[in-house]
Amino acid sequence: FHLAKTNVSTVVGALYRPPTSAQVRGLEHAECMAMMKLGAPILSPARMQLRHLAVFAAWESEGAWEGRTNIIPT
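Here it is, written out as structure tokens:
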């Protein structure tokens, strides 16, 4: 998995349209999720951390992801 601190528009874009293998060479599948603060009330702005993104990605091989710093378009 990959964790990133970024801006709100990048997180919302990644949640709406995650990266695909057509966009990123070597990527097989990716799931993007906004991070949450555990223990915060369900309907609280503090719960959803829309400046932090968690990406679970499956790569073709270890070499496919080495040296990558950005798989989410900004």
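Numbering (the numbering used here) for the sequence shown: 463 to 536.
Glycine included, each C-beta is placed from N, C-alpha and C at the ideal position.
For residue i, three-class secondary structure by DSSP
{"i": "Leu505", "result": "coil"}
{"i": "Val517", "result": "strand"}
{"i": "Ala526", "result": "helix"}
{"i": "Leu512", "result": "strand"}
Proximal residues to residue i (C-beta, below 8 Å), its chain only, five neighbours per side dropped
{"i": "Arg509", "result": "Met498, Lys499, Ala502 and Pro503"}
{"i": "Glu528", "result": "none"}
Residue i: first and last residue of the uninterrupted alpha helix (DSSP H) it sits in
{"i": "Ala476", "result": "Val470 to Tyr478"}
Endpoints, beta strand (DSSP E) assigned at residue i
{"i": "Ala484", "result": "Here Ala484 belongs to no beta strand (DSSP E), and DSSP marks it neither H nor E."}
{"i": "Lys467", "result": "His464 to Lys467"}
CB-CB length for residue i against residue j, believed under 8 Å
{"i": "Glu490", "j": "Ala466", "result": "The pair is not a contact, with the Cβ atoms about 19 Å apart (cut-off 8 Å)."}
{"i": "Cys494", "j": "Val517", "result": "5 Å"}
{"i": "Ala492", "j": "Leu515", "result": "Not quite, the Cβ-Cβ distance comes to about 11 Å (not below 8 Å), so this is no contact."}
{"i": "Leu512", "j": "Val473", "result": "5 Å"}
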